[in-house]
Amino acid sequence: MANSDNINRIIDHKLFTEEDIHEMCVRLGEELTEDYAGKKPLVVGALKGAVYFLTDLTRQMDVEHQLDFIDVSSYGDGFESTGKVKVVSDLSVDVKDRDVLIVEDVVDSGLTLKFMKDLFKKRGAKSVKCCVMLNKEARRTTEVEIEYYGSKVGDEFLVGYGLDFLNMFRNIPYVGALKPEIIEKYTK
Ligand code: IMP
Ligand code: MG
Numbered sequence: 048m049a050n051s052d053n054i055n056r057i058i059d060h061k062l063f064t065e066e067d068i069h070e071m072c073v074r075l076g077e078e079l080t081e082d083y084a085g086k087k088p089l090v091v092g093a094l095k096g097a098v099y100f101l102t103d104l105t106r107q108m109d110v111e112h113q114l115d116f117i118d119v120s121s122y123g124d125g126f127e128s129t130g131k132v133k134v135v136s137d138l139s140v141d142v143k144d145r146d147v148l149i150v151e152d153v154v155d156s157g158l159t160l161k162f163m164k165d166l167f168k169k170r171g172a173k174s175v176k177c178c179v180m181l182n183k184e185a186r187r188t189t190e191v192e193i194e195y196y197g198s199k200v201g202d203e204f205l206v207g208y209g210l211d212f213l214n215m216f217r218n219i220p221y222v223g224a225l226k227p228e229i230i231e232k233y234t235k
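Residue numbering for the sequence shown follows this note's numbering, starting at 48 and increasing by one per position.
Here it is in structure tokens:
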């Protein structure tokens, strides 16, 4: 799978191998285990990109917790942010008085994460923190605190391990940069 022709056709170069990602999850899992000891956080996965990271991360967390999902979208059909964030599909539980831990695949402008943090605080959460796999810090336009992250990345469009291009390529087992010609092909 990891070396299939289908993947080689679209990936320019690999950034994080499956082992790199596993190590990130172990390290973050240990930190979260320590920081959330004695609490029962509500772990909120940001659909759909965070699903792959969330399932590996939470299996490294030795903390009693509950799980929920939210789908908020700032991206239209393409890959450039529309600048507007909306709730596409909401949580199924109340966050009032809960310690909420948002799990996200990548933070780019910061708009989506800021929107989710503000929403949960407004709804009365006791605490709202986030654990992000990849932090595109150089692209930030909105100030938002990232309490935990796996790695910083530069300004490249990435796919795999949950990250998508036009809702495709999420199932690639590692994170790689998309070939510029693939972006051109679909956005012309
Ligand atoms: P933000 O609101 O600009 O921070 O965008 C965050 C969202 O954009 C993430 O949840 C991703 O879905 C998407 N995104 C940002 N950069 C990438 C990327 O390199 N590949 C795939 N999706 C991305
Ligand atoms: Mg996302």
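Quick reminder that beta carbons are idealized off the backbone N, C-alpha and C, glycines included.
N- and C-terminal bounds of the beta strand (DSSP E) containing residue i
{"i": "Glu151", "result": "Asp146 to Val154"}
{"i": "Tyr196", "result": "Tyr195 to Lys199"}
{"i": "Ala93", "result": "Leu89 to Ala93"}
Continuous alpha helix (DSSP H) stretch holding residue i: start and end
{"i": "Gly76", "result": "Glu65 to Asp82"}
{"i": "Lys226", "result": "Counting along the chain, Lys226 falls outside any alpha helix (DSSP H), and DSSP gives it neither H nor E."}
Secondary structure of residue i, DSSP reduced to three states
{"i": "Leu101", "result": "helix"}
{"i": "Met180", "result": "strand"}
{"i": "Ala185", "result": "helix"}
{"i": "Met215", "result": "strand"}
{"i": "Asp118", "result": "strand"}
{"i": "Leu205", "result": "strand"}
{"i": "Leu166", "result": "helix"}
{"i": "Ile58", "result": "strand"}
{"i": "Lys143", "result": "coil"}
Proximity below 8 angstroms, CB of residue i to CB of residue j
{"i": "Val153", "j": "Val179", "result": "yes"}
{"i": "Asp146", "j": "Leu89", "result": "yes"}
{"i": "Val142", "j": "Gly171", "result": "yes"}
{"i": "Ala93", "j": "Val73", "result": "no"}
{"i": "Tyr221", "j": "Phe63", "result": "yes"}
{"i": "Lys161", "j": "Thr189", "result": "yes"}
{"i": "Gly85", "j": "Met108", "result": "no"}
{"i": "Arg187", "j": "Gly207", "result": "no"}
{"i": "Gly96", "j": "Asp211", "result": "yes"}
{"i": "Leu166", "j": "Leu181", "result": "no"}
Whole-Å CB distance - residue i paired with residue j, under 8 angstroms assumed
{"i": "Val91", "j": "Ile117", "result": "6 angstroms"}
{"i": "Asp59", "j": "Leu225", "result": "7 angstroms"}
{"i": "Gly223", "j": "Lys61", "result": "5 angstroms"}
{"i": "Val175", "j": "Lys183", "result": "The Cβ separation is near 21 angstroms, so there is no contact."}
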